[in-house]
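Straight run, no breaks: the sequence shown in our numbering ends on number 218. A quick write-up on the structure given underneath.
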Amino acid sequence: MESLLALVAATLVLVAIPGPNVALIVANSIRDGRGAGLRTVAGSTIGVGVQLLLITIGIAAMIELVAGVLVWLKWIGVAYLLFLGVRTWQEPASDLTDATVKHGQGWRELWSGLGVAVVNPKTLLFNAAFLPQFVSPGPDAPAMMMLVSVVFLATVFIGDTIWALAASAARPVLIRYGRLRNRITGGFLIGAGIGLALSRR
18 MESLLALVAA TLVLVAIPGP NVALIVANSI RDGRGAGLRT VAGSTIGVGV
68 QLLLITIGIA AMIELVAGVL VWLKWIGVAY LLFLGVRTWQ EPASDLTDAT
118 VKHGQGWREL WSGLGVAVVN PKTLLFNAAF LPQFVSPGPD APAMMMLVSV
168 VFLATVFIGD TIWALAASAA RPVLIRYGRL RNRITGGFLI GAGIGLALSR
218 R
């Protein structure tokens, strides 16, 4: 029980430090509202879950290989985030008071969150080294590793949700200042791209 509490505390500290995932969540929350932010959180959580699944089922020998493949995909994600960031930064002010999500558009945020999370080799290798610290060797180790992964993922989900809600709460104020809103959103998207680019193995 103590190890799980320590895991939750350590994970909350990690989530409090904005990385590429959080930057994307904040950007989408400010640009398109709470729903967009929460959909990004859902995608990011799925992406982290995929990485945890690789770790939990014991593909330790393949982690380096998988991370190597993800490096190539990562740079596509970096280019996309930087493109979105620069384009949003340069957009003229627009009236969002009556903005609604078009049918099918909500998937964009989910896929963007999943993409940024799953192609980050740094989190894959970090979690592979971080999570086993909370598992004691023994016959129950596999079950404990699964529990640790679930607790970790749930804590990340809660922390990211708080980021999304906090960012969307600031949106009504930023709606009045369209140009500033675009620059803040663009800045977070560019920050997400730079953060992903700097995530070395």
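Glycine included, each C-beta is placed from N, C-alpha and C at the ideal position.
Pick out whichever of the options has its Cα sitting closest to the Cα of residue i.
i, options, result
"Y97", "W128, V25, I74, L70", "W128"
"G54", "R125, A23, L29", "R125"
"A145", "T57, P189, T73", "T73"
"A59", "V152, R188, V173", "V173"
"F169", "T57, S46, L70, D49", "L70"
"G204", "W106, T28, S46", "W106"
"A27", "Q68, L148, V133, G66", "L148"
"T57", "Q68, R48, L41, G66", "L41"
"L21", "S153, L206, T178", "S153"
"L101", "G64, Q68, M163, R48", "R48"
"I207", "G64, R104, V190, V135", "R104"
Using a Cβ-Cβ distance cut-off of 9 Å, determine whether residue i contacts chain E.
i, result
"A26", "This model lacks chain E altogether; it includes just one protein chain."
Looking at the secondary structure, which residues open and close the alpha helix (DSSP H) in which residue i lies?
i, result
"V58", "51-73"
Determine the direct distance from the alpha carbon of residue j to that of residue i, and round the result to whole angstroms.
i, j, result
"A23", "L31", "12 Å"
"P159", "V165", "10 Å"
"A183", "P156", "42 Å"
"A214", "L131", "16 Å"
"W92", "N137", "10 Å"
"F143", "N45", "26 Å"
"N199", "T140", "29 Å"
"V39", "G212", "10 Å"
"G66", "V190", "34 Å"
"D12", "V43", "This structure cannot settle anything about residue 12, because the visible part of the chain is limited to 18 through 218."
"G210", "L99", "5 Å"
"R51", "A134", "19 Å"
"M162", "V95", "31 Å"
"I175", "L29", "9 Å"
"I63", "V25", "19 Å"
Under the rule that 16 or more other beta-carbon atoms within 10 Å means buried, what is residue i, buried or exposed?
i, result
"P37", "buried"
"W180", "buried"
"A33", "exposed"
"I201", "buried"
"A186", "exposed"
"S61", "buried"
"R188", "buried"
"A171", "exposed"
"V167", "exposed"
"Q150", "exposed"
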